[in-house]
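In full-length UniProt numbering, the protein residues as written are 1 to 188.
Yeah, the Cβ is synthetic: ideal placement off N, Cα and C, and Gly gets one too.
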């Protein structure tokens, strides 16, 4: 702004953007009162890095941008379930469960583990959950074998992803039936 004409500050404009975006797409918070020493920026995504800058305004015009402030928002529990949940009956007492991580923009942080819930499909009862901690493999494909199941019984399975902030929603239930003795593997 340069010369301010000794005009008092009438307000502030605050701009915020994802660190990888341009200022042309910045979210603008306009006309923040000069009596305030703080403002809340809304609609930020969890576990994301943002740049923030400010402008002072008076009757003469608008200042140059302040120095940029870089912040990273906290993680939140995943907003999306694991994808592509598949079951494979391996034997009369075991089923392999495989899945892929939730969509990246719904992870809200680094996925640290998964909970696999299973129940006899016809029972309509509560799921038993087997909690597993995983090391990320890079391709986001994971699997677990459920053992000691009943022979020739249909099971419903759901999977949930978790990060350091909490556990996300369950995948859609998928069903598979354990084999009869002597049968070979069947994919569902």
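Secondary structure at residue 19: coil, using DSSP grouped into helix, strand and coil. Following the DSSP letters along the chain, one finds residue 28 inside the beta strand (DSSP E) bounded by residues 27 to 32. Straight across, the Cα-Cα distance linking residue 95 with residue 171 is about 17 Å. Here residue 164 has 75, 109, 110 and 112 as same chain residues with Cβ atoms under 8 Å from its own Cβ, once five neighbours each way along the sequence are excluded. When DSSP states are grouped into helix, strand and coil, residue 146 belongs to the strand group.
Look at the beta carbons and you see the stretch 83 to 99 touching the stretch 144 to 152: at least three pairs across the two are nearer than 8 Å. For the pair residue 181 and residue 129, the Cα-to-Cα distance works out to about 26 Å. Per DSSP, residue 155 is one residue of the beta strand (DSSP E) stretching across 154 to 163. Around residue 174, the same chain offers 85, 87 and 157 as residues with beta carbons nearer than 6 Å, after the five sequence neighbours per side are excluded.
The C-beta distance from residue 118 to residue 155 rounds to 5 Å, short enough to meet the 8 Å contact threshold. Secondary structure of residue 104 (DSSP, three-state): helix. Counting along the chain, residue 69 sits inside the beta strand (DSSP E) bounded by residues 69 to 72.
At the C-beta level, residue 17 and residue 51 come within 9 Å of one another.
Taking all protein chains shown into account, residue 149 has 16 or more neighbouring C-beta atoms within 10 Å of its C-beta and is therefore buried. In this chain, the beta strand (DSSP E) harbouring residue 114 covers 113 to 120.
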